Structure formats: structure tokens, C-alpha cells
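Structure first, then comments.
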Amino acid sequence: MDKETRATVLKRDKLTCQACEKYPAYQVHHIKARCHGGEDNLSNLVTLCGRCHMIISPVPPFALWKAFRVQESEIPDEKRRIEKAIKRFQQTSHGLK
1 MDKETRATVL
11 KRDKLTCQAC
21 EKYPAYQVHH
31 IKARCHGGED
41 NLSNLVTLCG
51 RCHMIISPVP
61 PFALWKAFRV
71 QESEIPDEKR
81 RIEKAIKRFQ
91 QTSHGLK
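Just so we're aligned, residue 1 is where the sequence shown starts under our numbering, counting upward by one.
Shown next, in the form of C-alpha cells:
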């Protein structure tokens with residue numbers, strides 16, 4: 001995505017993680033991955049903190065432990081929590097249905 005789109009998403013989401021409400025958050029996540037046909041449009045982009053972004057991404061468990069002390073046993077529940085938050089986001093005007 002280009003810098004302008006990224007800046008627009010971060011501003012729209014008020015630099016707040018849309019999964020855990022951490023502030024400030026600086027990472028922009030593709031809801032539908034580009035490798036699966038997702039585009040760089042505002043309705044497919046959401047601001048996440050580094051922790052939530054790593055958990056929702058295909059990152060090995062040891063990396064989550066090293067970066068954020070997330071236990072491997074916690075990962076499935078955390079992924080579900082983040083996915084649920086992203087779905088709620090998509091259903092609001094922020095998700096630009």
C-alpha cells in the first residue's frame with residue numbers, strides 16, 4: 001500500500017488498535033490478505049498494534065513468545081478474539097461497508 005493510504009487508515013482509526021484498543025498503534029493489516037486477492041482499499045485495511053498484528057499473521061509461536069511473551073496455548077483464543085474484533089470493525093462505518 002502507498003504511504004497516503006496507510007496514513008489515511010491510521011488517521012481514520014485514530015492510531016488505535018481495532019482489536020485491543022491499544023494506543024498508539026502503527027501497523028496496518030490487510031483484512032483479506034493480498035495473496036488471497038485482498039486489495040489496498042480502505043475497507044480492507046485496519047489498524048492493529050504490533051502484538052495483535054503478529055498474532056493474526058502467520059508467525060511462528062516462538063516469535064510470539066520472544067516478542068510479546070504469548071504462550072503457544074494462548075494463540076488460538078487470541079486469534080479468535082482478534083478475528084471477532086475485526087469482524088465488528090467491518091460491520092461499523094469505520095469498515096466502510
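Beta carbons are placed, not taken as given, at the ideal position from N, Cα and C, and that holds for glycine. It should be emphasised that the depicted structure is a prediction, and the values quoted were computed from it without experimental measurement.
If only uninterrupted alpha helix (DSSP H) runs of at least 4 residues are considered, those enclosed by the region 32-71 are 50-56 and 61-68.
Take the alpha-carbon of Ala7 and the one of Gln71: they are about 32 Å apart. In the three-state scheme derived from DSSP, where H, G and I count as helix and E and B as strand, Gln90 is classed as helix.
Counted as a single uninterrupted DSSP element, the alpha helix (DSSP H) harbouring Thr8 occupies residues Lys3 to Arg12.
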